[in-house]
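Asker:
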Amino acid sequence: MYNDLPLDITDRIFTSFTDFESLWTAIRVSKHSYSVFKLRSTSILYAVSVNIAGRNVIHVLRLVRTATNLASSDSEGVDAIPAWKDVPRYPVTTEQRRLLIKYADVLQGWESFLSRRHKDCTVSAVTLTDAESDRFQQAMCEFWMYQQCFGEIWREDILDDTPMDIELQIMFLKRLSTEELQRFASVCLFMKDTCIWLCRAFGWNNDIGYRVVAALTHPTPYPTSVHLSVIMDELLSTLNGPQRKSVEHPPNVPLQILAGPGSGKTKVLTTRIAYLILRHAIAPSTICAVTFTNKAANEMKLRLTKLIGKEKVMRLKMGTFHALCARFLRQHAALVGLEGNFTICDAEESKKLVGKILKTYKDYIIAHKIMFDDSKEIVSKISKAKTKGYEPDDMVAILLDDLKGKTIPHKNLATLKDLDPAGWIFVEVYREYERTLRATNSLDFDDLLIWGVKLFGKHKQAAAWCKHVLVDEFQDTNTVQYDLMRYIADANRCVTIVGDPDQSIYGWRSADIGNLKNMQRDFPSTKQIFLEQNYRSTASILALSLGIISGDNVRIKKTLHTAHPSGPRPMMHRFLDEKMEAQFIGTEMKRVVAATGGILDWNDFAILLRFSALSREIEASLQREGIPYRMLGGHKFFERLEVKDILAYLQLVDNPQFLPAFMRTINLPPRNIGEKSIAQVIQRAEQAGLSPMALVERIHDGKVPDIKPPLKRKVGPFVTTLRTLREQANSGTSPAMLIRKLLELIKYTDHLKKSHEDWETRLENIVELINFASQEKETALDAPPTEAAKVPVRDHRATQLEDEGLVIIEDDSRNAMSQSTDADDNADNETPLRQFLQASMLSTDSQTKDDDNKDKVTISTCHAAKGLEWPVVMVPAVENKVFPHKRSDDHAEER
DNA sequence: CATTGAAGTCTTTTT
DNA sequence: GACTTCAATG
C-alpha cells in the first residue's frame, strides 16, 4: 500500500485537523515524522503540523489526558494541572476544546518545544472517541514501523517510546512489497523481539525470513554488504551539504571540520568513521578515535554501535587521550623503561603527595614569610608545566624571566632562591614530586600523555597499526596531546579533526587553539570544511549567545545559521539571594512541566552551574519540591571516600610501591598508627632503599628492628590482608571477588558504621563498585570475541541458512584482529585487577546505569555539559565573581 | 607522647 | 565534604 505513495506526498498541506479522518489519513501518508511520542489511553489529541522549508508536514502528535478539570477550574498555572492525570477518560465539549486552545501556556509549550527544530508550527486540538483512539493507535503503529524501515533508522530515542503491538506490526509487514521487506530485514536488529516472533509466526521459509533470522543470530548486525550500502546511502542522504562533504572527504587528505555548537559534529564524526570502514574498507582496529571526555567516547560508541555493530566498535581504538596512552604504555612498558604495573595517580593523590613534600619546606616558608599557594594550586601549576614540556630545571629560567625589571646574570637555582623564594620552593617541590612518582612506580594524568609521546615518538612500530586518526573537540588539545596525535598519525598521515575555536573552554588546561594552525603547518595539504548550520537552538538563543561572545574583540568572526524560528526569548530573572533563586528554579520547573501537560518531563531540564559547589541550595530546593535530580560530575563516584578506600587497597595489592595508597590504607580501619609513625616508616624505607610496604612487611616478619612506638603488633592484620589479596590476585581472582574478600578481611562495614552516620549509602556505593567490577570484566577493551560469538548459533535456522547456500558476510578484519591481540598482549601486563583499576582511575561518569533511564532533572557544571542539549536550561548565579569566575584569567573563555 | 574528636574554614573548570 | 587547628584522651 505504500508503494503507490508519491514521494513528494509531504507537499500536501495539512494545517489543522478538525476531524479524525483527515488526521488519520495524514498520519499514514506522512513519511518524515520527526518524533513519535508515547501514546496513552486518552481523549484529547494535539496534532501539530509543521512547515519545513516550505513543505507542510504533520510532525508530532500526542494525546493528553482529559481536560475536564482544566475546563472547570479557571485558575491558571500550577494548581490546575496535576489533577489532570487521574481524571478518567472523558469526551470534551466544544466549549472545553475552545478553552484548551486558548490555554496559552499549553500551546506555547508545544510550540516552543517543536519550534526548536521547525518553524511555523500550528497547533490544533481534536477530540477522539474510544474507537477513534484505537484506530489512531493502529495508525501510529503503522506509521512508526514505516518510519523505522524507511526513515531515520538510527534514531535511538524513537525506540523506547513507541507502542509496539505485535498484531499491528504483522498487519503492517504483510502489506510491504518484497523490496521493502528486504530493507526491513536489513534493519530488523532494532526490533529483535518482533523478528523472532515473526519468523515463528510465519514459518518463513524464504530468503527474507532467513535474513531476518541471520541478522538476529549472527554477531554482525548487517548480513550483506548490499544492505550496508543501502544504509550508508540513507545515512548520507540525511546530511546537509558540508556535513556530507566532510564524511565523503578522501581519507588520505587531512581534514579540519570547523563546527559550531549544535551543528551535528558528533553525527558527522561517527558517520565518517562508519564511512571509512564500510566504503573504504579500512579495518576498524586501525582507526584511532580520540575524545576528551569519557562521556563523549561513550556517546560515540553508542551511536557507532547502531551504525556498524558492536563487534566493529569494540575493535576501534577509541577513548580519551589518557585512556589510549595508558593502554599502550602497559602493552609496551618495557620499551620506555616503565613497569607494566604502574599505578595511575589521580588529582587527589597528587595533591596529597605535594602536600607531604611541601611540609618539609614549612619551616623555611614560615621563617621567610613567603606567601605560598596551597597544594592544589601547586599541583595545577606542575600540571601546566608538564603539559608544556617544562621539567623542573627548565622552570628555573622561566620563573626568573617572569621577574620583571633587571637582567639576571646567572640563571641558576641559587639566584632563583634569592630573588623568588616561592618560585624556588616550587621548583624543588616539582622535582621531588616527580622523583616520588618514579620511585613509587606511578604516573599522574599528565605523565600518561608525556610517556605516550615518548613511546610513540621513539618507537614508530608502536603506532604502526594506525591508518587513520580522528580527534574530537580539537580546540581543546594542548601541546602534548597534539604531539601525540602527530606521532600516532605518523605512519599514514591520515587525520580528521573536529573543533570549534569559539568553544575552547579548557585554556586552563593549557589547550592551545594554535594547534589548528600547527596542524596546517605539519600536514600541508589539510583542507577545511565549515559546519555553520545549527540544529539545536532557536534563533533567539543563537542571537543571545552571539551577543555575548562577540563582546570578545579578538574573536575570529564566524557565523552560525539556524532554520528555526526565533522562538521564545530567553528569560533573565533577578533574585535577592541564592535561596530565592533556588526556590524559583524548583517552582518554575514544576510550573513548566504542568503547563506543558506532560510534554516535557524532568529529563528535559538542566541546571548548569559554573562550579559544582553551587548546587547546595538548588539541591535543597529540589528536594523540598520533590523533584528528582541527578548530579553530573558532582562528587564523582570514584572520588568518594569509601570507594577510594577500597581502590587504595587494591592499588597497593597491584603495586606495593605506590605511596599514596600505602599512606591511606595502613591506618584503615584505625590501627593506632598515626602521622608520626607513618613518617618514620617512610623515612626508614627510603634509607633502606625499600618501599614502605616492603619495610612494614619485614618489621612484621621480625626481619628488621621495630620503630619507636612498636608497630609490629599493630600491622599484623594489615600485612596478612595484603598478602592474602596479592596471592588471590595473582591467581586470577576477579576484582569483584577481591573486593568482597577485602571487605571481610578489614571488617570495612563495621568501620563505616563507626565512622559515618550515612554508612548505609556508603555501603551501597561499595556494592555499586562491585557491580562495576563485574561489568568491567565483560566489556574489557579489545576483548577477543568469545567462542560463543565466533561460532554462528547452531540451531535449525542457522543450519538451514547454510544449506540454502546463503552467504553470511565474514568480517574483514577479524583475522587482523586476532593477530594483533596475539602480538601485542603481554599477558603479564593485563591482569583483571589491573584492567579494573585503570578503568576506575580513568572514568568519571560511570554513574549507575539505571540512573540514566529514570526521569530526572540534570544538574551539571557548564564544562561537563558541553555538547549536550536539553529543551529547558537554567543557569543560576550568573553574577560577577561567579560567572565570570573571580579566578579566571581568560574572560573570552568565560564568555 | 601520639592519636582522636570537635569545631571552624573554604570550595573553578577535567583527565 | 575536605582540610586545618586545638583540646582531650589512651
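Numbered according to UniProt numbering, the first sequence spans residues 1 to 895. For each residue, glycine too, the CB sits at the ideal point set by N, CA and C.
Per DSSP, LYS411 is paired with what?
Answerer: DSSP, once it has assigned bridges, lists no residue as partnering LYS411.
Asker: Which residues mark the beginning and the end of the alpha helix (DSSP H) in which SER621 is found?
Answerer: 615-625
Asker: Is the beta carbon of GLY262 sitting closer than 7 Å to the one on ASN534?
Answerer: Going by C-beta atoms, GLY262 is nearer than 7 Å to ASN534.
Asker: Please specify which runs of the alpha helix (DSSP H), each continuous and at least 4 residues long, are wholly inside the segment 429-515, giving them in chain order.
Answerer: You should have 445-458 and 479-489.
Asker: Between the Cα of LYS747 and those of LYS376, PRO717 and THR320, spot the shortest distance and give me the residue it belongs to.
Answerer: PRO717
Asker: Report back the beta-carbon spacing between ILE357 and TYR433 to the nearest angstrom; my notes put them in contact at under 8 Å.
Answerer: Going by Cβ atoms, the distance from ILE357 to TYR433 rounds to 6 Å, so yes, they are a contact pair.
Asker: I need the straight-line Cα distance from ASN341 to PRO735, nearest angstrom please.
Answerer: Going by C-alpha positions, ASN341 is about 15 Å away from PRO735.
Asker: So, with DSSP's three-state summary, where would you put HIS700?
Answerer: helix
Asker: Among ALA463, ILE699, HIS322 and ASP645, which residue has its Cα nearest to the Cα of LEU752?
Answerer: ASP645
Asker: Can the beta-carbon of VAL336 be found less than 7 Å from the beta-carbon of LYS454?
Answerer: Yes, they are a contact pair.
Asker: For ALA259 versus LYS265, is the C-beta spacing smaller than 7 Å?
Answerer: Yes, Cβ-Cβ distance for ALA259 and LYS265 is below 7 Å.
Asker: Exposed or buried, which one is LYS306 when buried takes at least 16 other CB atoms within 10 Å?
Answerer: buried
Asker: So, are the CB atoms of ASP502 and PHE292 less than 7 Å apart?
Answerer: no
Asker: With DSSP as the reference, please indicate the residues paired to ILE344 in a beta bridge.
Answerer: LEU443
Asker: Assign ARG327 to buried or exposed, taking buried as 16 or more other Cβ atoms, counted over all protein chains shown, within 10 Å of its Cβ.
Answerer: Residue burial is scored here from C-beta neighbours: ARG327 has at least 16 other C-beta atoms within 10 angstroms and is therefore classed as buried.
Asker: Which of the three DSSP states is assigned to GLY867 in this structure?
Answerer: coil
Asker: With DSSP as the reference, identify every bridge partner of SER860, one or two as the case may be.
Answerer: LEU608
Asker: For the 8 Å Cβ check, are there 3 or more pairs between the segment 646-666 and the segment 868-886?
Answerer: no
Asker: Which word fits MET572, buried or exposed, when buried means at least 16 other C-beta atoms lie within 10 angstroms of its C-beta?
Answerer: exposed
Asker: Looking at the unbroken beta strand (DSSP E) that takes in ALA334, where does it start and where does it end?
Answerer: Per DSSP, ALA334 belongs to no beta strand (DSSP E) and is neither H nor E.
Asker: With ALA397 and LYS384 assumed to form a contact (beta carbons below 8 Å), what rounded beta-carbon distance in angstroms separates them?
Answerer: The pair is not a contact, with the Cβ atoms about 16 Å apart (cut-off 8 Å).
Asker: Who are the Cβ neighbours of ALA464 in its own chain at under 8 Å, not counting the five residues just before and after it?
Answerer: Cβ neighbours of ALA464 beyond the five flanking positions: ALA491.
Asker: The beta strand (DSSP E) with VAL290 in it runs from where to where?
Answerer: 287-291
Asker: Just the C-alpha distance for THR538 and SER285, rounded to the nearest angstrom, thanks.
Answerer: If you draw a straight line from the Cα of THR538 to the Cα of SER285, it is about 40 Å long.
Asker: When the Cα atoms are used, what is the spatial distance from PHE638 to SER840?
Answerer: One Cα belongs to PHE638, the other to SER840, and the distance between them is close to 7 Å.
Asker: Do you know offhand how far ASP374's Cα is from ALA422's?
Answerer: 12 Å
Asker: Mark ILE366 as exposed unless 16 or more other C-beta atoms lie within 10 angstroms of its C-beta, in which case mark it buried.
Answerer: Around the beta carbon of ILE366, fewer than 16 other beta carbons lie within 10 angstroms, which makes this residue exposed.
Asker: With ASP654 and LEU763 assumed to form a contact (beta carbons below 8 Å), what rounded beta-carbon distance in angstroms separates them?
Answerer: Not really, about 24 Å apart at Cβ, beyond 8 Å.
Asker: The alpha helix (DSSP H) spanning LEU307 covers which residue range?
Answerer: Here the alpha helix (DSSP H) through LEU307 covers 294-308.
Asker: Under DSSP, the beta strand (DSSP E) around GLY241 begins and ends at which residues?
Answerer: Looking at the DSSP string, GLY241 is not in any beta strand (DSSP E); the run it does join, the alpha helix (DSSP H), is 241-248.
Asker: For the beta strand (DSSP E) containing GLY319, name the first residue and the last one.
Answerer: Annotation: the continuous beta strand (DSSP E) that includes GLY319 extends over 317-320.
Asker: I need the DSSP call for MET571, collapsed to helix, strand or coil.
Answerer: coil
Asker: Can you round the beta-carbon distance between PRO656 and ALA685 to whole angstroms, since I take them to be within the 8 Å contact cut?
Answerer: Actually they are not in contact, since the Cβ atoms of PRO656 and ALA685 sit about 11 Å apart, beyond 8 Å.
Asker: For my contact list, VAL427 and LEU416 are in at a C-beta cut-off of 8 Å; report their separation, rounded to the angstrom.
Answerer: Right, their Cβ atoms sit about 7 Å apart.
Asker: Comparing alpha-carbon positions, which option in THR724, ARG698, LEU725 and ARG726 lies nearest ARG713?
Answerer: Nearest of THR724, ARG698, LEU725 and ARG726 to ARG713, Cα basis: ARG698.
Asker: What is the DSSP secondary structure of ALA283, counted as helix, strand or coil?
Answerer: coil
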